[in-house]
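Trainee:
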Amino acid sequence: MLTVVRSILPKRLLRADLIAKSMSFEAYGDKEKAEKFVARQVHRLTKLGLLVSHGSRSSRWYEPSQDLTKLVSDFSLEEPLNTKAVLDELVMDEARLENEISLSLSELEEMRALSVRFPILSADADGMISNERSRITSLYGKLSAVRKLKASAEKLEAKQC
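Residue numbering for the sequence shown follows our numbering, beginning at 825 and increasing consecutively.
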């Protein structure tokens, strides 16, 4: 997104050009969605003084203010890589996911026991059990992704040492 903003900054900005650029994003591929997106962003940026509008309503064009130009040029595309902080956050995410999975498994086990104990509620319990299974599956997927990224971060940290 920042590269798109940088590519249009020094120019005079026409609404049609902004709509065309925004349609390059998957979420705004539809022209109507892109028009609404551009209208919202232009309105916000002009209210904040980051875009200056010129011309009448039918032939309006926009110019980035000096504040916007400075803001975008000061922003770095590359963030400094702090593998220790990334690794610490991944370890915390892994622990949180493991705890959530453990809690969900206990809840699932208790739901099964209660549905056997109270057969009148078994229909409701079956739906809840199914939802809980789906949630556990999703959590396992997230945990797997975190573990893979953690292993990658550990390798990266070992290379930096």
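Glycine is no exception: its CB is placed at the ideal position from the N, C-alpha and C atoms.
Going by the DSSP bridge assignment, what does Glu887 pair with across the sheet?
Mentor: Answer is Val876, bridged to Glu887.
Trainee: Hey, quick one: how far does the alpha helix (DSSP H) through Lys979 stretch, first residue to last?
Mentor: Its alpha helix (DSSP H) spans residues Ser946 to Gln984.
Trainee: Going by C-alpha distance, which of Asp948, Glu924 and Trp885 is nearest Met935?
Mentor: Measuring from the Cα of Met935, the nearest candidate turns out to be Asp948.
Trainee: Suppose contacts are defined by Cβ-Cβ distances below 9 angstroms. Is Gly847 in contact with Ala863 by that definition?
Mentor: Looking at the sequence shown, residue 847 is not Gly but Met. Their beta carbons are not under 9 angstroms apart, which means Met847 does not touch Ala863 by this criterion.
Trainee: Can you give the Cα-Cα distance for Gly951 and Glu981, rounded to whole angstroms?
Mentor: Between Gly951 and Glu981, the C-alpha separation is close to 45 angstroms.
Trainee: Given this structure, state the Cα-to-Cα distance separating Glu850 from Ser946, to the nearest angstrom.
Mentor: Taking the straight line joining both Cα atoms gives about 44 angstroms.
Trainee: Any contact of the region 905-924 with the region 962-974, i.e. 3+ C-beta pairs under 8 angstroms?
Mentor: Segments in contact, yes.
Trainee: Expressed to the nearest angstrom, what Euclidean distance is found between the alpha-carbon atoms of Lys835 and Glu978?
Mentor: Their backbone Cα atoms lie some 44 angstroms apart in a straight line.
Trainee: Run the CB neighbour count on Tyr886, radius 10 Å, all protein chains shown included, and call it buried at 16 or more, exposed below.
Mentor: By the 10 Å Cβ count, Tyr886 comes out buried.
Trainee: When burial is assigned at 16 or more other CB atoms within 10 Å of the CB, is Pro943 buried or exposed?
Mentor: Answer is exposed; the Cβ neighbour count stays below 16.
Trainee: Rounded to the nearest angstrom, what separates Leu927 and Arg957 at their Cα positions?
Mentor: If I take the Cα positions, the gap works out to 12 angstroms.
Trainee: Output yes or no for whether 9 angstroms exceeds the beta carbon distance between Ile925 and Leu875.
Mentor: Taking 9 angstroms as the Cβ cut-off, Ile925 and Leu875 do not qualify as a contacting pair.
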